[in-house]
Structure formats: C-alpha cells, structure tokens
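This report concerns only the one structure given below.
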Amino acid sequence: MGKTKDSGVEERPKWDNKVQYLLTCIGSTAGLGNVWRFPYLCQTYGGGAFLIPYLIALVFEGLPLLYLELAIGQRLRMGSISVWTSISPLLGGVGIASMLVSVLVGIYYNTILAWVLWYFFHSFQNPLPWSQCPLNDNLTGYNVECVKSTPSNYFWYRETLNITPDIETSGSLHWWLVICLASAWFVVYVCFIKGIASIGKAVYVTATFPFLVLTVLMIRGLTLPGGTDGLVYLFTPDWEILKNPQVWLDAFTQIFFSLSLAFGGLIAFSSYNPERNNCERDAILVGVINSATSIYASISIFSILGFKATTAFNSCVKENILALTNHFEFSDQNITADHYDHWVEYLNRTSPGELASVDLRHCDLQTFLDQSASGTGLAFIVFTEAVVEMPGSHIWAILFFVMLFTLGLSSMFGAIEGILRPIKDLKLMPKWMPNELLTAVICSIAFLTAFIFTMGSGNYWVEVFSSYAGSVPLLIIAFFEIIGVIYGRGMKTFSEDIYFMTGKRPNIFWKACWMVISPVMLLVVLVAYVGIQAQTHPSYHAWNPAYELFPKTEMKPYPDWVFAIIVLLCVLPVISIPLVALYQLVRSRIKRSSALVDLNPYCNDSFEVEPQEQKNQRA
Numbered sequence: 001m002g003k004t005k006d007s008g009v010e011e012r013p014k015w016d017n018k019v020q021y022l023l024t025c026i027g028s029t030a031g032l033g034n035v036w037r038f039p040y041l042c043q044t045y046g047g048g049a050f051l052i053p054y055l056i057a058l059v060f061e062g063l064p065l066l067y068l069e070l071a072i073g074q075r076l077r078m079g080s081i082s083v084w085t086s087i088s089p090l091l092g093g094v095g096i097a098s099m100l101v102s103v104l105v106g107i108y109y110n111t112i113l114a115w116v117l118w119y120f121f122h123s124f125q126n127p128l129p130w131s132q133c134p135l136n137d138n139l140t141g142y143n144v145e146c147v148k149s150t151p152s153n154y155f156w157y158r159e160t161l162n163i164t165p166d167i168e169t170s171g172s173l174h175w176w177l178v179i180c181l182a183s184a185w186f187v188v189y190v191c192f193i194k195g196i197a198s199i200g201k202a203v204y205v206t207a208t209f210p211f212l213v214l215t216v217l218m219i220r221g222l223t224l225p226g227g228t229d230g231l232v233y234l235f236t237p238d239w240e241i242l243k244n245p246q247v248w249l250d251a252f253t254q255i256f257f258s259l260s261l262a263f264g265g266l267i268a269f270s271s272y273n274p275e276r277n278n279c280e281r282d283a284i285l286v287g288v289i290n291s292a293t294s295i296y297a298s299i300s301i302f303s304i305l306g307f308k309a310t311t312a313f314n315s316c317v318k319e320n321i322l323a324l325t326n327h328f329e330f331s332d333q334n335i336t337a338d339h340y341d342h343w344v345e346y347l348n349r350t351s352p353g354e355l356a357s358v359d360l361r362h363c364d365l366q367t368f369l370d371q372s373a374s375g376t377g378l379a380f381i382v383f384t385e386a387v388v389e390m391p392g393s394h395i396w397a398i399l400f401f402v403m404l405f406t407l408g409l410s411s412m413f414g415a416i417e418g419i420l421r422p423i424k425d426l427k428l429m430p431k432w433m434p435n436e437l438l439t440a441v442i443c444s445i446a447f448l449t450a451f452i453f454t455m456g457s458g459n460y461w462v463e464v465f466s467s468y469a470g471s472v473p474l475l476i477i478a479f480f481e482i483i484g485v486i487y488g489r490g491m492k493t494f495s496e497d498i499y500f501m502t503g504k505r506p507n508i509f510w511k512a513c514w515m516v517i518s519p520v521m522l523l524v525v526l527v528a529y530v531g532i533q534a535q536t537h538p539s540y541h542a543w544n545p546a547y548e549l550f551p552k553t554e555m556k557p558y559p560d561w562v563f564a565i566i567v568l569l570c571v572l573p574v575i576s577i578p579l580v581a582l583y584q585l586v587r588s589r590i591k592r593s594s595a596l597v598d599l600n601p602y603c604n605d606s607f608e609v610e611p612q613e614q615k616n617q618r619a
C-alpha cells in the first residue's frame, strides 16, 4: 500500500490474485465452530435430519447475507464504518457495532488458540501428559483427583486451567497460559504486519492445511475399529426431533455465525477486489465450501470418536469378563467377548442371584457413542482420549492441534481486519504512525485485556464472551445491514451496482431474500433467541473441587454483577446504532435551523440596520 505520486492520496491495497482473496474468505468463515460445534449439533439433533434446517438456513439466510456483504464492500471499496456512513449517515453506528463485536470476539477467540498451543507443546512429550495420572505429592501413588476422574479431564481442568470452583473466585494469573497467549498474539501480528500483503501469503498455509489434516484424520479414522459405527451414529436421522423449535433456532444461528457475517472483515476483504469481480460466484463458492467443511469435519471427527466408543465398550466387556471369571471360577477361555452376551443371558437364567451379586458395568455401545461433547470438551477432553488409544498417538495429537491452530488463526484474520480497516478508513490514528506500529498497538492492547482469560476463572469468562458477545449483537447488525442496503441505498441502485460488477442483475431469488425472507428470518431468530434467554436466569457449569465430585459439575446461576456484564456485552456493541442515528438527526436539524437563520436577515443576530446618517450620505 502506498501513495500516488500526483495526489498524495493513500492508494487502497489489492490482492495479488483471486486465489488469495478466496482462501482468506474461506479461512475466515471455516473456523473452530465447523470442527467442534457443528458435529455436536448434528449428533444431538437427529443426525442426518439436522441437515434439513441447516441447509434451509444456508440457502435463505447465510448465502444472501454473504452475497450482500461481499457485493457492497467491493462496490464501495471501503471498510465497514465508511461503507454504512456513505450509504446514510444514520447507519454509521452499524460499522461501529461491527468493529466492537470484532474486538470482543477477537480477544477471547485468541485465548482458545493459546490453549491449543499449550496442548501442541505437550504433544511432543513421551508419554502424552493426558494419557496417565501424575503421582501425588508424596510420590506414593497416583493423584486422587485424577484417579477418580480421567487423565484427560485432570490435565485439562487442573494442569491447563487450574480452574476455580466458580466464576466469582478469580484465582491467580497462570504464567504458562500468559506465555501461550503472548505467542498466539505474536503469530497474529506477524501474519498481519503488512496487511493483506502478508495475510495473502499466510492463507496459503492456514486455509489449506486444515483440509489436508481432516483428510488424513478421516482416512485414519475409517480404518480404525468402530470408525464406521461413529458415522452411522452421526448420520442416522431422527425425524421426530425436527418438531423441536430449538433445532431450527440452533441451525440458523450456526450457519449465521459460521459464515462470520456482520463482523465487517468480509466487507473489508472484498473492498480490495477489482471493481468488476463476480462477487455472486464468490459468495456461493465460499458459503458452499464452508458448509461442506462442517460436514467433512464431522466425518473425520466422528469416525475417531466411534473408535473411542468401541475401545471403551471393549474395555468395559473385558472388565466384566474378568469379574465373572473370578466370581464363578471360569477359565478365561470359557467366556469370550464374542459370546459375552450369551453368557450373561445364560447366567441370568441359571444363577440370577449370584449374577446380581457381581458388580458388572453396563456395557452398551450406544451409551458410549452418546458421550460426545462440544467446544473445548470435544477438543481437549474427548478427542485427546481418543488419540491416546491410536497407534502413533504423538503424531495424531500434533496434527490435530496444528489443524485447530490454523483454523483459528484464519478466523482471527477476519476479526482483526474488522478492527484495523475501520480505524484506517476513519483516520483515527496519527498520520505518522505506520501500519506495523498500529497493528502492534492493537495486538498489545488485546493481549493485555485477555489476561482475564488466563486466570483460574478464565474458562468461565470465555464461555460468557462466546455465548453473548457474538450472538444477539450480530443478529441485530445483520438486520440493519440488509435494511440499510435494500431500503437505504435502494434495491434498484444495488441491482445496478451488481450489474456494474458482474454484468448481470440479481435474479428474483436474491431480491426476494434481501427484501423479505432474510430480514423476517433474522427477526424471528432474534425474537426467539431473546425469548428463550429471558425465560430463565443465565447459569453455568461450575466445577466442585471436592474429590468425590470431580470432575462433576453443578449448575449455578450467574451472580447479579456477572449478569450485568452479560447484558453489557449484548447491548454495548449495538447501542452505537441508535446513538449515531440520533446524533445525525439532531445534527442535521441544527444545520437546517442554522441555514434558515442565515437566509432570513430578520432572524439573524449578525444583521445590523443601516444607520440613518449613512443613508443620507449615500443619498
């Protein structure tokens, strides 16, 4: 990026090629949610049946909004704040709201990358630290907490988070997480140091490597015992569950958030395109690849989780066989895993009393398959347990956490661009400050602010930010984006904009979505979401430190002061929308009044009547 020789005006940067732009958009949209939230939702809500509301949400909500953001950014060639201000000064708050959401999401999102780095560094240890319990302080046995739980649970909640009993108990800063957090922000800074010039180079790795790892994991998972059982379980449809309104609500919010809409980053990225670029094709391509990534990741993840469930089932059966052979004094060869069910049925008929006295575990493959998890639980507990059982576990652990880091890093590009581009467009920083220094200042402030997530209560605060900072505000911002473009700029003008860029006007489907379907869907989802949240006081899973309960959780309501912060996270970003609109209305009214005063000399305080002596002299 530089200045033209003639005017001295800063020249807007451009992508080196179309591939860089598409990879950046794909990387920004395909993030951690595709790997650890979509598979969980698909498994929870009827397997293959969940794809129906998900695809409906993609077609009628996700793609139209994505197309609109890419088109308006490319046509006006500005960042998020400048785009909406140029459409109407009343909409200036929409861009500010997008920037604030990007700030809040970027701060907590990079903390997850710090956790990923922590696990990545420990993946080189032999044995893996989450594969066995550590010794107690006296070195006379294993840690009691770990024995009563699992090594993966203990490593996550004690060795990594050192979690406190509740959100009100902050705990101390954990130096290991601070170092990992600094490393994560340093990587973001290096990738952003030259703006899109450096991002364009980084996305060749960050946007493609996850697909390579997912392919390798899928091939490996399908070749493991029980891998296909995981896929059958994942995609077995339960059509009855579609009657639950929560299924549709989660499907629409998932497609909305997974496409990174309303953050402002996609608008900024598309503004670096040539004016005559086919943004319609780009939107369809990015949206379809994002959804395909979710399904592709589900196949990879659940094939491995199927292996984990099969391993746990076989271990359960072996423990029961050992208990039966010891009690009934059978030979080990008399009871085999293949004939275990027949033996239990036989003993239940012949010796029901004695069989009841044997403490047998309930072994059911379906039960073990039901023990899935979402978010951090899937990445740092369930999957790490599965990796331990796989041959060459170190290699798979390294690949998995490198994949998570590159996925998260690509998503961070969109969040940081949603912050930096508006600051540059509005010239909020001194002219002498270079881009490298501006990026360093932003990353440093974010790093220091994120210290709250490195304390013992940090995981609780990550859940608060994840659940509320990027939920209601994004729905509101997206609604005003559609209203601003379609009814502010005008459908006719926007159609001409698209004709200028692509050579064809939008078809009836796009127009129907923009004018009616998408705004109505956004309102319905927003009202439903707020209605569900308002029915109960927000609560969270608190970890009881008692040995006999670890790692069991208990539901606790958020304290009133935390609830106030939750309301602030939902309101603070979007409060700029009405405030800016009100400011512009008052400002325009004052200008109009001043103009009327200037035109009417009898209402102008500066008007002076000509003295009589001057009149006589002039005469």
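Going by full-length UniProt numbering, the first residue of the sequence shown is number 1, and it counts up by one from there.
Each residue gets a CB set at the ideal place from its N, CA and C atoms; glycine is no exception.
Residue pairing from DSSP places S539 in a beta bridge opposite P557. Residues of the same chain with a CB within less than 7 angstroms of the CB of I299, apart from the 5 flanking positions on each side, are M218, L231 in chain order.
C-alpha of Q43 to C-alpha of F235: approximately 7 angstroms in a straight line. Separation of G490 and M515 (C-alpha to C-alpha, rounded to the nearest whole angstrom) is 10 angstroms. Between A450 and N110, the gap from beta carbon to beta carbon is short of 9 angstroms. Taking a C-beta distance under 9 angstroms as the contact criterion, N126 and H541 do not qualify as a contact pair. Rounded to whole angstroms, W396 and L212 show a C-alpha spacing of 13 angstroms. Counting of Cβ neighbours within 10 angstroms places N153 among the buried residues, the total reaching 16 or more. DSSP, reduced to helix, strand and coil, places Y468 within a helical segment of the structure shown. Per DSSP, N34 is one residue of the alpha helix (DSSP H) stretching across 32 to 36. Classified as buried, A114 has 16 or more neighbouring CB atoms from the shown chains inside 10 Å of its CB. In this structure, I532 places its C-beta atom within 9 angstroms of the C-beta atom of L249.
Between the C-alpha atoms of E145 and S98 there is a straight-line separation of about 44 angstroms. A440 is not a Cβ neighbour of L404, given a cutoff of 9 angstroms.
Counted as a single uninterrupted DSSP element, the alpha helix (DSSP H) harbouring N348 occupies residues 340 to 350. Per DSSP, G484 is not a residue of any alpha helix (DSSP H), being assigned neither H nor E. Within its own chain, the residues whose Cβ lies closer than 7 angstroms to the Cβ of Y460, once the five positions on either side in sequence are excluded, are I167, Y540, listed in chain order.
For E240, there is no enclosing alpha helix (DSSP H), as DSSP gives it neither H nor E.
Around the Cβ of K424, a 10 Å sphere holds 16 or more other Cβ atoms; the residue is buried. In this structure, A30 and N290 form a Cβ contact; the two beta carbons are roughly 5 angstroms apart against a cut-off of 8 angstroms.
L568 counts as exposed, since fewer than 16 other C-beta atoms from the protein chains shown sit within 10 angstroms of its C-beta.
Residue pairing by DSSP places Y142 opposite L135 in a beta bridge. If you look at S149, you'll find it isn't in any alpha helix (DSSP H); DSSP assigns it neither H nor E. Counting along the chain, N110 sits inside the alpha helix (DSSP H) bounded by residues 92 to 122. Rounded to whole angstroms, the gap between the alpha carbons of Y340 and Y40 is 32 angstroms. E481 places its beta carbon 9 angstroms or farther from that of V105. Every alpha helix (DSSP H) of 4 residues or more that sits fully in the stretch 266 to 332 is shown, in chain order, as 279 to 328. Within 10 angstroms of the beta-carbon of R589 lie fewer than 16 other beta-carbons, which makes it exposed. Across the set L242, S271, P89, S183, the C-alpha of P89 shows the shortest separation from the C-alpha of L582. Take the alpha-carbon of F50 and the one of L23: they are about 28 angstroms apart. The closest CA to that of N507, considering only I163, W432, P64, G48, is found on P64. The residue among G408, I295, V19 with its C-alpha nearest the C-alpha of T215 is I295. Put simply, the stretch 271 to 279 does not touch the stretch 347 to 361. Fewer than three CB pairs are less than 8 angstroms apart.
By the Cβ test, the stretch 180 to 199 is in contact with the stretch 410 to 418, since at least three Cβ pairs between them sit closer than 8 angstroms. A direct Cα-to-Cα measurement between G287 and F413 gives close to 18 angstroms. In the three-state reduction of the DSSP assignment, M218 falls in the helix class, which pools H, G and I.
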